[in-house]
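Numbering (the working numbering), first residue to last: 109 to 803. These notes concern the structure reproduced below.
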């Protein structure tokens with residue numbers, strides 16, 4: 109016989125003869141809200157008090173098991189029962205509790221499952237601890253229970269990567285006891301619970317398990333080796349180290365002491381600046397798709413075939429994005445050798461990925477089969493989207509768009525992959541400016557996540573909606589921006605580059621500036637980056653006047669890593685070391701320009717490079733070039749290597765205090781002139797004690 113008791117609006121206790129089903133239905137993802145937590149505890153309590161019930165199945169309705177904590181509760185007063193109390197209550201049940209997993213069991217969802225005595229899952233389910241991506245660690249016993257099931261090595265990998273694993277892998281590791289029928293998880297879980305009762309199996313409390321952690325006890329080298337192997341990946345982040353310390357405690361300390369350490373370290377992280385920054389990024393990445401004047405139901409245009417003009421580094425990388433998404437691409441080049449070279453590079457890229465085991469040779473051939481090379485623009489006549497990816501020259505781009513206008517079919521979207529140029533000027537070369545926009549990919553285009561979608565004055569809303577949707581389809585994070593020189597990312601890069609170049613003439617050296625920005629969290633500083641990209645980008649011997657360090661270096665054939673010398677000297681392994689020659693070039697140029705060199709502090713380097721970016725970002729917001737401050741942060745994190753744990757330039761400005769930023773800018777303005785003048789928006793927000801998020 110079956111009966112049901114409603115515990116609250118999201119939890120119900122059903123009775124299937126001797127098995128109780130604790131059913132949770134809290135759409136969309138069954139997040140572990142206060143109401144869900146209350147319902148679980150009350151359901152377990154009622155099942156425990158009913159003599160006729162022999163076991164409990166914890167089951168979630170809808171598309172997933174608990175997908176994690178309710179993030180909306182972060183930063184608010186705690187509501188009891190807290191998740192650690194809930195998992196302890198489940199584990200202490202005198203009757204076996206079986207978790208029935210489908211969809212995802214992530215974070216607090218997996219912690220809840222680990223507190224159950226048994227776990228069954230459908231094979232399509234995934235489990236994991238993504239907390240590290242929010243600058244956190246599992247705070248409800250996850251770091252203590254997981255290693256007791258899978259051993260410390262696998263636990264370390266799971267908690268520090270944050271990546272979910274399949275149910276099959278979870279079964280092999282020991283997280284899941286049984287894989288069950290995909291079609292009827294609940295019936296299979298009830299049958300499993302009946303079997304547990306019939307066989308009188310013991311209550312398997314994960315906290316009491318020892319066999320997977322005992323061999324690692326007293327072996328600190330396991331953890332030291334892991335730290336060393338991942339040092340580059342974890343650089344600057346606090347959360348991976350805190351997760352490692354918790355797994356260490358699970359191995360070497362009694363369970364309750366490990367739990368105490370986990371709780372203490374969780375509280376430190378959740379109240380710290382890094383987690384605040386990473387949570388900001390988490391929400392900003394979701395916000396970026398929302399465009400105030402374009403509703404979710406705006407119709408999009410069908411894009412079944414793509415044309416790319418240019419088979420160079422950018423054109424080739426852009427083509428790969430669409431081929432990866434299964435869309436046929438026609439690539440047009442002016443010369444046969446350039447086309448052949450471009451297609452050859454794409455094939456080598458795919459084959460290299462296949463060699464690393466990330467795709468099969470069949471995948472390589474399938475993707476290459478979607479690419480068609482051509483030497484005629486006319487072959488783009490049947491494309492739904494055409495992206496121009498040629499040299500950054502306005503005259504060339506205008507000529508191409510004028511020709512495209514006559515070739516492209518009606519309704520086709522015409523996009524330019526410009527980094528700086530005026531999209532409205534380019535659109536004006538056509539009779540269909542409503543179909544023209546910018547799609548600014550970042551190099552290497554097949555790897556970098558950022559796509560700046562540039563909205564022209566006349567761009568149709570359906571065209572914008574289509575470009576944003578395509579961004580998602582090809583795995584990018586698309587940010588809608590307006591037309592100005594450099595849009596958002598490159599426009600903000602300019603003041604940083606300007607200050608970096610001034611600083612080296614005033615008294616710093618390139619390696620001083622690079623070190624400060626590297627220690628701030630960037631993958632490399634501006635001069636190391638210039639050497640990597642090539643100092644001769646946009647430089648020509650004919651127009652060079654030898655007025656900047658870069659021009660002098662190019663004139664001396666020091667073009668960066670590719671020539672073995674640039675701002676740095678490079679050995680055969682491309683390892684950089686400071687150059688005495690460059691030091692002398694800088695000293696000579698300072699003297700020639702009449703600049704009295706002085707000692708420059710790390711703090712000044714940081715403020716002049718970073719606060720000027722915050723100021724430029726405020727001007728961008730003032731002009732309506734970006735929709736939100738958080739969109740600017742997403743551009744810099746995904747396109748320029750801004751450290752995630754600092755939340756983006758606008759978030760960082762708020763963290764150090766907009767009043768402080770204004771004060772430092774005014775000081776530099778008095779010393780160095782109008783380039784440091786705080787924007788009106790920045791001054792207003794600072795005066796009112798408000799932040800960018802209040803706009």
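Note that beta-carbon positions come from the ideal geometry of N, C-alpha and C, so glycine has one too.
* One or two residues paired with residue 786 in a DSSP bridge -> In the chain shown, counting from the first residue as 1, residue 786 sits at position 678. Paired residues: none, contrary to the question.
* Asked: residue 678 by DSSP, collapsed to three states: which one?
  -> What you label residue 678 is simply residue 570 of the chain shown in a count that begins at 1. Here residue 678 sits in strand by DSSP.
* Limits of the unbroken alpha helix (DSSP H) element including residue 225 -> Start at 1 with the first residue of the chain shown, and residue 225 comes out as number 117. Note, residue 225: premise wrong, no alpha helix (DSSP H); not H, not E.
* To do: Kindly indicate which residue of 235, 293 and 230 has the alpha-carbon position closest to the one of residue 221.
  => Stepping through the chain shown from its first residue, residue 221 is reached at position 113. Residue 235 is the option with its Cα nearest to residue 221.
* Does the ligand HEM have even one heavy atom less than 6 Å from the beta-carbon of residue 434? -> The ligand HEM is absent from the structure shown, which contains no ligand whatsoever.
* Asked: Any idea what DSSP makes of residue 155, helix, strand or coil?
  -> Taking the chain shown and counting its residues from 1, the one referred to as residue 155 is at position 47. Residue state, collapsed to three classes: helix.
* Inside the region 637 to 680 only - alpha helix (DSSP H) runs reaching at least 4 residues -> 657 to 663
* **Cβ neighbours of residue 402 in the same chain (closer than 7 Å, five flanking residues each side left out)** => As a first step, residue 402 must be located in the chain shown, where it is residue number 294. The residues are 569, 572 and 573.
* Asked: Alpha carbon to alpha carbon, what distance is there between residue 128 and residue 376?
  -> For the purposes of this step, residue 376 is taken as the residue at position 268 of the chain shown. For the purposes of this step, residue 128 is taken as the residue at position 20 of the chain shown. Roughly 39 Å separates the two Cα atoms.
* **Beta-bridge pairing of residue 168 - partner residues as DSSP gives them** => As a position in the chain shown, residue 168 is number 60, starting the count at 1. Looking at the DSSP assignment, residue 168 forms a beta bridge with 132.
* Asked: Who are the near neighbours of residue 435 in its chain, counting only those whose CB is closer than 6 Å to its CB and skipping five residues on each side?
  -> Numbered from 1 along the chain shown, position 327 holds the residue referred to as residue 435. These residues qualify, in order along the chain: 414.
* To do: Find the nearest neighbour of residue 251 within the set 541, 637, 219 and 773, judged by alpha-carbon distance.
  => As a working mapping, residue 251 is identified with position 143 in the chain shown. For the residues 541, 637, 219 and 773, the minimum Cα distance to residue 251 belongs to 219.
* Helix or strand or just coil, what does DSSP make of residue 148? -> By 1-based counting over the chain shown, the position of residue 148 is 40. Residue 148 falls in the helix class under three-state DSSP.
* Among 493, 468 and 390, which one has its Cα closest to the Cα of residue 411? -> Taking the chain shown and counting its residues from 1, one reaches residue 411 at position 303. Of the listed residues, the one whose Cα sits closest to residue 411 is 493.
* Which residues mark the beginning and the end of the alpha helix (DSSP H) in which residue 779 is found? -> Within the chain shown, residue 779 is the residue found at index 671, counting from 1. Residue 779 -> alpha helix (DSSP H) spans 766 to 780.
* Given 8 Å, three or more beta-carbon pairs between the region 515 to 524 and the region 549 to 556 -> no
* **Straight-line Cα distance separating residue 580 from residue 395** => Reading the chain shown from its first residue, position 287 is the one you call residue 395. Reading the chain shown from its first residue, position 472 is the one you call residue 580. Residue 395 and residue 580: Cα-Cα distance of roughly 13 Å.
* Residues in its own chain within less than 6 Å of residue 357 by CB, not counting five upstream and five downstream? -> Here residue 357 corresponds to residue number 249 of the chain shown, with the count starting at 1. Closer than 6 Å at Cβ, skipping near neighbours: 366 and 369.
* So, helix, strand or coil for residue 544, using DSSP? -> On the chain shown, residue 544 is found 436 positions in, with the first residue counted as 1. Three-state DSSP puts residue 544 in a strand.
* To do: May I ask which residues mark the beginning and end of the alpha helix (DSSP H) holding residue 574?
  => Along the chain shown, one-based indexing puts residue 574 at 466. Here the alpha helix (DSSP H) through residue 574 covers 569 to 581.
* Report all residues from its chain with a CB closer than 8 Å to the CB of residue 614; omit the five preceding and five following residues, and keep chain order. => Here the question's residue 614 lines up with position 506 in the chain shown. The residues are 698, 703, 705, 706 and 708.
* Note the first and the last residue of the continuous beta strand (DSSP E) segment covering residue 686. => For this step, residue 686 is matched to residue 578 along the chain shown. Counting along the chain, the beta strand (DSSP E) containing residue 686 begins and ends at 684 to 686.
* Asked: Taking Cβ positions, are residue 182 and residue 211 nearer each other than 7 Å?
  -> Position 74 of the chain shown holds residue 182. Position 103 of the chain shown holds residue 211. Taking 7 Å as the Cβ cut-off, residue 182 and residue 211 do not qualify as a contacting pair.
* By how many angstroms is the C-alpha of residue 416 removed from the C-alpha of residue 425? -> As a working mapping, residue 425 is identified with position 317 in the chain shown. As a working mapping, residue 416 is identified with position 308 in the chain shown. Those two C-alpha atoms are separated by around 10 Å.
* Backbone secondary structure at residue 364 - three-state DSSP -> Along the chain shown, one-based indexing puts residue 364 at 256. Here residue 364 sits in helix by DSSP.
* beta strand (DSSP E) segment containing residue 427, residue limits -> Reading the chain shown from its first residue, position 319 is the one you call residue 427. Not the beta strand (DSSP E): residue 427 falls in the alpha helix (DSSP H), residues 421 to 432.
* Is DSSP giving residue 109 helix, strand or coil here? -> Taking the first residue of the chain shown as position 1, residue 109 is located at position 1. Since pLDDT at residue 109 reaches only 48, below the 50 mark, its modelled position is unreliable, and no value is offered.
* **Own chain partners of residue 115 with C-beta closer than 7 Å, once the 5 adjacent residues on each side are dropped** => By 1-based counting over the chain shown, the position of residue 115 is 7. Contacts found: 121, 147, 150 and 151.
* **Cutoff 8 Å; reference residue 556; Cβ partners in own chain excluding five residues on either side** => The residue labelled residue 556 in the question sits at position 448 within the chain shown. Closer than 8 Å at the Cβ level, and outside the excluded window around residue 556, lie 549, 550, 746 and 747.
* residue 125, buried or exposed, once every other Cβ within 10 Å from all chains shown has been counted against 16 -> The residue labelled residue 125 in the question sits at position 17 within the chain shown. Per the 10 Å Cβ criterion, exposed.
* Asked: Thinking C-alpha only, which one of 477, 445 and 400 is nearest residue 438?
  -> Position 330 of the chain shown holds residue 438. Among 477, 445 and 400, the Cα nearest to that of residue 438 belongs to 477.
* Which whole runs of the alpha helix (DSSP H) in the region 456 to 495 are 4 residues long or more, in chain order? -> 469 to 477
* Asked: With DSSP run on the structure shown, which of helix, strand or coil describes residue 441?
  -> Locating residue 441 in the chain shown gives position 333, counting from the first residue. Residue 441: coil per DSSP, three-state reduction.
* Asked: Of the residues 441, 432, 442 and 444, which one's Cα is nearest the Cα of residue 457?
  -> Your numbering for residue 457 matches position 349 in the chain shown. Residue 457 has its Cα closest to that of 432, out of 441, 432, 442 and 444.
* CA-CA distance, residue 427 and residue 671? -> Start at 1 with the first residue of the chain shown, and residue 427 comes out as number 319. Start at 1 with the first residue of the chain shown, and residue 671 comes out as number 563. Cα-Cα distance, rounded: 29 Å.
* Close-in-space but distant-in-sequence residues of the same chain around residue 187 (CB under 6 Å, 5 per side omitted) -> As a first step, residue 187 must be located in the chain shown, where it is residue number 79. 142, listed in sequence order.
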